[in-house]
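**Q** The structure is given below, and queries will be raised subsequently.
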Amino acid sequence: MSRMEQQKRRLYEMCAMAIVAGRADLDGASRVGFDIDLPVFSVGRAAELAAVHPQTLRQYDRSGLVVPQRTGGGARRYSLRDVDRLIQAQRMSQRDGINLTGIARILNLEEENRQLRRQLRAARADDRVSVFTADMDGRITEMRRCRRARHWRHRLQTQTRELAAGASYRPAEAHSKSVVLWRTNHR
């Protein structure tokens, strides 16, 4: 393992410890540049960070409560998001007596709420116009408009004008807020 990888792993461990201690949360970790879905921690390290038995991690994995990513060899690797879910699941299970189905529902709703807060913060902080796209499953993604996209759209309009030179073509307003949508087939 390279020195950079060791330093990165150590930073992620420090972030996880701050989350466990309640001094940080996933939103803050994400804002300062941590990839909260990066699979960093082994079963043993995740269990140690969350103060749970490794067998509990396997039980949570089987029930779908906290499903870690897998390496090429099949080893489980946990992310900061997973560690946060482990901590919350343990608290709800032991302190509040909530069953695993209830915990799963609560955690999923909290994650959805966190994503909505993140989108709202981004919309409030950004005065530029954003474009939202939806895929076939209904997931909505924000696409920020940028100079490169405007340049590309301008080139497309210029090419369209050249193609329609003989026709009665009326160019769009200079400050048009148009969106180009396309569909690709991935097979």
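With full-length UniProt numbering, letter number 29 in the sequence shown gets 29, and the count goes up by one each step, no holes.
Just so it is clear, CB atoms sit at the ideal spot from N, CA and C, and this is done for glycine as well.
In this text, all values refer to a predicted model and were calculated from it rather than measured experimentally.
Quick one: using the 10 Å Cβ neighbour count with 16 as the cut-off for buried, is S2 buried or exposed?
**A** Per the 10 Å Cβ criterion, exposed.
**Q** Given a threshold of 16 other Cβ atoms within 10 Å of its Cβ, counted over all protein chains shown, does I140 qualify as buried or as exposed?
**A** Classification for I140: exposed.
**Q** Use the C-beta contact count for L57: other C-beta atoms within 10 angstroms, 16 or more gives buried, fewer gives exposed.
**A** So L57 counts as buried.
**Q** Which class does T133 belong to by DSSP, given the choice of helix, strand or coil?
**A** In this structure, T133 counts as strand in the three-state DSSP scheme.
**Q** Please list, in chain order, all residues of the same chain as L100 whose beta carbon is under 7 angstroms from its beta carbon, the five residues on each side excluded.
**A** For L100, where only same-chain residues beyond five positions count, the Cβ hits under 7 angstroms are S63, L65.
**Q** By Cβ distance, which residues of its chain are closer than 8 angstroms to V83, with the 5 residues on each side in sequence left out?
**A** Excluding sequence neighbours, V83 sits near A16, I19, V20, F41, A46, L49, A50.
**Q** How about Q90 and V52: are their beta carbons less than 8 angstroms apart?
**A** Yes. Within cutoff.
**Q** Roughly how many angstroms separate the alpha carbons of Q6 and Y78, rounded to a whole number?
**A** Going from the Cα of Q6 to the Cα of Y78 covers about 16 angstroms.
**Q** Quick one, which of M4, D27, K8, R10 has its alpha-carbon nearest E111's?
**A** E111 has its Cα closest to that of D27, out of M4, D27, K8, R10.
**Q** Determine the extent of the alpha helix (DSSP H) in which P54 is found, giving its start and end residues.
**A** Per DSSP, P54 belongs to the alpha helix (DSSP H) from 54–63.
**Q** Give the secondary structure of R81 by DSSP, where H, G and I count as helix, E and B as strand, and everything else as coil.
**A** DSSP places R81 in helix when its eight states are reduced to three.
**Q** First and last residue of the alpha helix (DSSP H) that includes T71?
**A** Run containing T71: none; DSSP gives neither H nor E here.
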